[in-house]
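Since the structure comes first, as structure tokens, the remarks are kept for the end.
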Amino acid sequence: MFRNYTQASLCLIKHISFSVDVYRRCTMGETKVLVLHPEDNVAVALTDLRKGEKIRVVKNGRVIELVLKSDVPFGHKVALEDIPKCGYVVKYGNPIGRAKVRIQRGEHVHVRNLESTYVRDRVCRDE
Amino acid sequence: MCMFVTSRARMSEIGCAEMNSSGQNWILGFERPDGKVGIRNHVAVIPTVVCATVVARRIAMSLRGASYVDNQFGCSQLEPDLEVTFRTLAGVGRNPNVASVLLVSLGCEELPVEKLADTIASSGKSVEVVVIQECGGTTSTVDKGVAVLKRLVEEASRLRPRRFDVSSLVIGVKCGGSDATSGIAANPVVGYVSDKVVDLGGTIVMSETPEMIGAEHVLIKRIAEPATRDKLLAAIKRWLKIAEERGVDIVGAQPTRGNIAGGITTIEEKSLGAIIKGGSRPIRGILEYAEEIKGRGLYIMDTPGNDAMSLAGMVAGGAQMILFTTGRGTPLGNPVAPVIKITGNPHTYARMRENMDFDASPVLLGQKTVSEVGEQLFELVLEVARGKLTRAEVLGHNEFVINKILPSL
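One line per chain: the protein sequences are D and P, in this order.
For the first sequence, the residue numbers in this note's numbering are 280 to 406.
For the second sequence, the residue numbers in this note's numbering are 4 to 412.
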């Protein structure tokens, strides 16, 4: 199984030939999450993130700064913007389901607030 | 870092030979009589039925330059499955990485051996057949087979590779032993390479139809012809029906508990994370299992998710190379096509280093972008297409399993 690690320290150990640029890339908030496609409204946590943590992410050349409203474990999703109830959650540039409840920016997006359009018992049916 | 050494011996052999390539994107290929280009030069030893596997394996192991292709079937199969076995064996024999073929037959199997030999030979390759019941048993067939194989290997070794453009490449993409890193690091990196290869005029084939359930709405948007769209939807429906008839609810069971713990919420999300390895280009066609890939661009082959079955189908279709992403790590290879192992999990890369060819974890660690790491992987693809052996090749992994749907008789 994938184990957790301190991202910045691991990153820096890998770059023995230390440079300011590497230090910046390893420690700044923008490397804490990954946006897989420019149209996405969620990002993926690259390490375990804590509620209250500040995240910087570059999307379409624009810097988005947000404060996490909940813990977001490694590999899980965080909302980059407010998503209305039954709005589409977009990852890989495509809808991966709809918001069961209104999702606020900085919130952990998972089974509690996101549903597949394939499941039988779903909140959003106004296709 | 991924360091790749160019095969100097081969480089000097070709010297300033014909340059069919433009710029940096050349590969080193063996031109076959049918005009196709292989990146390996194997003599394939293929048992036509399970009863001939031990003899075939002993023949293949006796000589350098031979490659054993496993086959658990060839008899007591219902017609549709026998047809799949035939098509797969014929396809792997016709694969451009194969120079010539030795078929090892029992003699009374249902699989039509002569027709198989003819189908492979119609690509212009030498095909020889030894028959156990005619040679008089195990040891005498091994002796006869080794003598024939020796000649085939010597003939094949006379072929000289030369430069071809990267557009000659047909690459299969596959994920197996996936974990949370697959969909966010390794598969996007392979997707980058898929797009690049297609843009350069090459061919990509993506398989494992059951993994596409939940992403069909995305895939059909990339298919121009309505008939091809229907073919994909019908293939997906067929898998759902097969599962349903056996009481399995694929949609309801996905994503799995492990997936959910890893951060995957919906089946759409899981499937999108899988299909991203095929890139984003238009889909040119939907192929049957082991069907020959005739055009260029991006194709989908209807195969099971099973790793070895999926690889066998794509290689039988003509793939000369496989890009295989694995978060948890698998050693799987193929008897005729080099398999490049890519992991996005830094711990898997460290722990299973000897089986892993490429580390995509810099994406995961936020150190590099998908395109930066994708360019590095593309360089490795070129190196392997110029003769560098993959870890699976060095370690002798030659797993080969033919797809089967129906019960045996």
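Here a beta-carbon is modelled for each residue, glycine too, at the ideal position from N, C-alpha and C.
Note that the structure is predicted; figures quoted are calculated from it, not measured.
Contact under 8 Å by Cβ, residue i with residue j
i         : j         : result
Leu-106/P : Ile-62/P  : no
Gly-164/P : Leu-31/P  : Residue 164/P is actually Pro in this sequence, not Gly. Closer than 8 Å, so yes.
Gly-399/P : Ser-185/P : no
Gly-266/P : Ala-319/P : no
Glu-402/P : Pro-307/P : no
Leu-85/P  : Leu-114/P : yes
Arg-329/D : Leu-345/D : no
Lys-273/P : Gln-257/P : yes
Gly-376/D : Thr-269/P : yes
Gly-179/P : Arg-299/P : no
Tyr-397/D : Gly-250/P : no
Val-336/D : Leu-325/D : no
Pro-363/D : Arg-384/D : no
Gly-282/P : Val-387/P : no
Thr-346/P : Asp-310/P : no
Gly-127/P : Asp-198/P : no
Coarse secondary structure for residue i, derived from DSSP in three states
i         : result
Ser-103/P : strand
Phe-76/P  : coil
Gly-41/P  : strand
Pro-50/P  : strand
Thr-206/P : strand
Phe-353/D : coil
Gly-282/P : coil
Tyr-71/P  : strand
Cys-178/P : strand
Glu-344/D : strand
Leu-380/P : helix
Pro-349/P : helix
Leu-236/P : helix
Ser-125/P : coil
Asn-373/D : strand
Arg-304/D : Any reading at Arg-304/D needs caution, since the residue's pLDDT is 46, under 50, leaving its predicted position unreliable; the model's value is listed next. The answer is helix: DSSP assigns Arg-304/D an H, G or I state.
Asp-168/P : strand
Ala-183/P : coil
Val-388/D : strand
Tyr-302/P : strand
Val-192/P : helix
Phe-327/P : strand
Nearest-angstrom beta carbon gap, residue j and residue i [assumed within contact, 8 Å]
i         : j         : result
Ile-278/P : Met-324/P : No, Ile-278/P and Met-324/P are not in contact; Cβ-Cβ is about 19 Å, not under 8 Å.
Asn-349/D : Glu-386/D : According to the sequence displayed, residue 349/D carries Ser and not Asn. Going by Cβ atoms, the distance from Ser-349/D to Glu-386/D rounds to 6 Å, so yes, they are a contact pair.
Ile-303/P : Thr-206/P : In fact, because the Cβ distance is near 12 Å, the residues do not count as touching under 8 Å.
Val-95/P  : Val-339/P : 6 Å
Gly-321/P : Pro-83/P  : Wrong, their Cβ atoms sit about 22 Å apart, outside the cutoff.
Thr-231/P : Gly-276/P : In fact, because the Cβ distance is near 24 Å, the residues do not count as touching under 8 Å.
Val-176/P : Val-193/P : 6 Å
Leu-380/P : Val-196/P : 5 Å
Gln-136/P : Leu-109/P : 6 Å
Cβ of residue i within 8 Å of any chain D Cβ
i         : result
Ile-263/P : yes
Thr-9/P   : In this prediction, Thr-9/P has a pLDDT of 30, which is less than 50 and means its spatial position is unreliable; what the coordinates show is noted afterwards. No, its Cβ sits nowhere closer than 8 Å to a Cβ of chain D.
Gly-332/P : no
Glu-272/P : yes
Gly-377/P : no
Gly-77/P  : no
Val-251/P : no
Leu-275/P : yes
Thr-144/P : no
Lys-407/P : no
Ile-239/P : no
Gly-217/P : yes
Ile-345/P : no
Val-156/P : no
Ile-245/P : no
Proximity test, Cβ basis, 8 Å: residue i and chain P
i         : result
Ser-352/D : Contrary to the premise, residue 352/D reads as Pro rather than Ser in this sequence. With 8 Å as the cut-off, Pro-352/D counts as an interface residue toward chain P.
Ser-395/D : yes
Ile-375/D : yes
Leu-359/D : no
Val-337/D : no
Lys-379/D : no
Leu-325/D : yes
Val-390/D : yes
Lys-356/D : yes
Lys-370/D : yes
Lys-311/D : yes
Leu-347/D : no
Leu-315/D : yes
**Prompt:** For the stretch 312-327 of chain D against the stretch 364-375 of chain D, are there 3 or more C-beta pairs whose distance is under 8 Å?
**Reply:** With a cut-off of 8 Å, the stretch 364-375 of chain D and the stretch 312-327 of chain D count as touching, because enough Cβ pairs lie within range.
**Message:** Does the contact criterion of 3 or more C-beta pairs under 8 Å hold for the stretch 341-354 of chain P versus the stretch 388-398 of chain P?
**Reply:** Segment contact: the stretch 341-354 of chain P against the stretch 388-398 of chain P, three or more CB-CB distances shorter than 8 Å; contact assigned.
**Asked** For the 8 Å Cβ check, are there 3 or more pairs between the stretch 126-136 of chain P and the stretch 63-76 of chain P?
**Response** Contact between the stretch 126-136 of chain P and the stretch 63-76 of chain P is absent, with fewer than three C-beta pairs closer than 8 Å.
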